[in-house]
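Numbering (my numbering), first residue to last: 1 to 720. We put the CB at the ideal spot given by N, CA and C, even for glycine. Predicted model only: the values in this text are computed from it and were never measured. Notes follow once the structure below has been shown.
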């Protein structure tokens, strides 16, 4: 009897272990992607359910449950998902590709195909079958998300009464995987905008970011193929561009062919090449009012730089990054670019990049190179070494005008996911400069439900020159003497946030009682140069609308003249203390009409500042989306003058179908003396093959035209 009991116990234990082991099975089957889920294979596969709440509450199983099935046939990864809604109604905000599903009903998944918690692919589809793809990448204190990466895949949504059904097929050739490491980190998400809810497959608390790769479900993939059936993709394009400079009375018409190529060296290592690229179809940057003394960061949008972009863009810290790809091609056109990136072994990733720019008038041609090696030392530690080079060239000859940066980073993450650590060291090399050319940083983050804190210290030598990087605080513009002075500094950062959640309340969802941070800057001699304080609290209601305040206080020992009004009257070097209080309200996100507004009042250096902002969004679902942002800053610096900066942005989107849309941006920025209209008709006539017609018209703030132009671009993607 005892033996029978032990045998039964072992059998039950084996069954439990088998049940806990999740697999992506290999099946010789193909699917018609229509959302109907009527193929017999779907009934043969194991069903994964038991989704958890993530938002607006993060406790317990979801009331509206979801079931997922998935398999691969050696060519495609197939996924089906059924969300059991309580109503046949559905709601979306956009039919434009790559608009995140945060404001729509939809389904999303993350695939960490290397299972290293460093980067992952993101695929989602809303209930009108609009596709969104992108990448999730590790940043210093967590993970970030970009939709600029694209590939060809299939998706279809089907409304089956109260059931929202989704069916997708992702080519394995589009994924970076290693057959010797056949475990994918997988996470599934369902967004129900009507309930303003997120539900999630692997349980994650909302003090962690939604796409945190440390919480993916590990799934073993059966019989991963060694090679892809298609390993070569080429996309030729042609651009016709007509530009008129009204001020100089000059007109130019250009025709520019270009070519983009992708080659899968292995299933986990990819070679990207671009020749004579044109980026005229890229969305324009959202303009800002900049009242600081330093440059503003804008994200990379060009697809060539985005594959495995975290390898290159994550080499430093906020405000001190040795590689900022937007520097490349900023002053002259790119002739060609090559990039090899991916995994050479399960724990080793590499990134090799080389880009050559053209000579343009007085701007010399240059070569930009980067080498990055990332090694996973253990479960908790990852290290990255890098070398970046900018070199002036004369045809194929290297000129002795260069800037080089080398460094090493070490990342730490704890087993309980509460602690993150980061240490950086970098050194730059320039002809004739050998001192004060180092950078170091050490930081730590603690994250527990309801309580977060962080602390860091960094030091930047005045000769830590990164021509291909982003180090704005290193450069101080003296508006009185019209010179730029390079000065090193030490920065300490500390922050704490305490938030409490009220799941049983009928009115309040959570209260952020305290969110405080401080940045203190010391000059090269250890003297206090600036101290910035940030204090915030907020009440989040059950519908996730929010009422909040922000108080900022600054101490600035201004060393150089600063002309914030742009009128030629500069603040003189002196000690300044000033602060401003901001009060605002954000409406719920699941309404057709959404709005946010804020009001600010306080001091600004030696004068006063009042400001206000509003955001209005009306969704004519699903045919159009209208959005208006307006910010006003009124600054009075007494004898130095007064100025009112207006910043307005209108975005109008009209959706003719999932493949054809018309987007118009209108921006008015008095600080930059610019009124801009950018209108783009985009037709995806074949997956990732586009026709663009872009009209751009620029005026000064007095609405006098300065230049205008029309660009036509067409590309076609071939898969071999």
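Candidates the options: closest to residue i by CA position
i: residue 703; options: 711, 674, 542, 689; result: 674
i: residue 123; options: 155, 345, 116, 446; result: 155
i: residue 57; options: 509, 693, 568; result: 509
i: residue 420; options: 381, 402, 626, 615; result: 381
i: residue 388; options: 367, 620, 398, 46; result: 367
i: residue 130; options: 360, 618, 96, 314; result: 96
i: residue 181; options: 137, 114, 545; result: 114
i: residue 62; options: 76, 176, 204, 224; result: 204
i: residue 535; options: 541, 548, 572; result: 548
i: residue 655; options: 22, 92, 30; result: 92
i: residue 160; options: 625, 84, 206; result: 84
i: residue 214; options: 146, 482, 294, 112; result: 112
Span separating the alpha-carbon of residue i from that of residue j
i: residue 695; j: residue 378; result: 52 Å
i: residue 310; j: residue 139; result: 8 Å
i: residue 405; j: residue 321; result: 11 Å
i: residue 562; j: residue 622; result: 48 Å
i: residue 478; j: residue 463; result: 18 Å
i: residue 356; j: residue 259; result: 15 Å
i: residue 587; j: residue 99; result: 20 Å
i: residue 526; j: residue 661; result: 55 Å
i: residue 594; j: residue 127; result: 20 Å
i: residue 358; j: residue 433; result: 27 Å
i: residue 7; j: residue 46; result: In this prediction, residue 7 has a pLDDT of 41, which is less than 50 and means its spatial position is unreliable; nothing more can be read from the coordinates.
i: residue 721; j: residue 80; result: The structure shown does not extend to residue 721, since the chain is modelled only from 1 to 720, so the question has no answer here.
i: residue 275; j: residue 219; result: 39 Å
i: residue 670; j: residue 698; result: 13 Å
i: residue 236; j: residue 638; result: 58 Å
i: residue 11; j: residue 21; result: Confidence is the limiting factor: at residue 11 the pLDDT is only 39, short of 50, which leaves the residue's position unreliable, though a coordinate-based value still follows. Going by the C-alpha atoms only, they are around 15 Å apart.
i: residue 474; j: residue 459; result: 11 Å
i: residue 40; j: residue 202; result: 27 Å
According to DSSP, residues forming a beta bridge with residue i
i: residue 266; result: 269
i: residue 390; result: 368, 403
i: residue 347; result: Per DSSP, none; premise fails for residue 347.
i: residue 410; result: 383, 423
i: residue 582; result: 550, 600
i: residue 516; result: 496, 535
i: residue 705; result: 699
i: residue 570; result: Looking at the DSSP assignment, residue 570 forms no beta bridge with any residue, so it has no partner.
i: residue 463; result: In DSSP, residue 463 forms no bridge with anything.
i: residue 243; result: 252, 709
i: residue 478; result: 483
i: residue 78; result: 71, 169
Neighbourhood of residue i by C-beta distance below 6 Å, restricted to the same chain and skipping five residues each side
i: residue 577; result: 555
i: residue 452; result: 497
i: residue 524; result: 488
i: residue 392; result: 364, 366, 399, 401
i: residue 352; result: 340, 371
i: residue 5; result: Confidence at residue 5 is low in this model, with a pLDDT of 43, below 50, so its placement is unreliable and no value can be given for it.
i: residue 68; result: 48, 81, 188
i: residue 9; result: Per-residue confidence for residue 9 stands at a pLDDT of 40, beneath the threshold of 50, marking its modelled position as unreliable; the derived number appears in the next sentence. Nothing meets the Cβ criterion.
i: residue 718; result: 234
i: residue 569; result: 640, 641
i: residue 350; result: 344, 373
i: residue 708; result: 244, 697
i: residue 786; result: Residue numbering for the chain in the displayed model covers 1 to 720; residue 786 lies beyond these limits and cannot be assessed.
Close beta carbons around residue i, own chain, < 8 Å, minus the five adjacent residues each side
i: residue 513; result: 498, 499, 500, 537
i: residue 427; result: 405, 406, 407, 437, 438, 439, 464
i: residue 280; result: 239, 241, 692, 694, 711, 713
i: residue 34; result: 156, 158, 167
i: residue 360; result: 331, 332, 333
i: residue 705; result: 246, 697, 698, 699
Check whether residue i and residue j have beta carbons under 8 Å apart
i: residue 551; j: residue 584; result: no
i: residue 51; j: residue 186; result: no
i: residue 689; j: residue 715; result: yes
i: residue 413; j: residue 448; result: no
i: residue 726; j: residue 71; result: Since the displayed the chain opens at 1 and closes at 720, residue 726 lies outside it and no answer follows.
i: residue 212; j: residue 106; result: no
i: residue 87; j: residue 162; result: yes
i: residue 614; j: residue 630; result: yes
The ligand FMN heavy atom lying under 7 Å from the CB of residue i
i: residue 369; result: Within the structure as shown, the ligand FMN is missing, as the structure has no ligands at all.
Contacting residues, own chain, Cβ-Cβ under 7 Å from residue i (five flanking each side not counted)
i: residue 264; result: 173, 228, 231, 270
i: residue 575; result: 557
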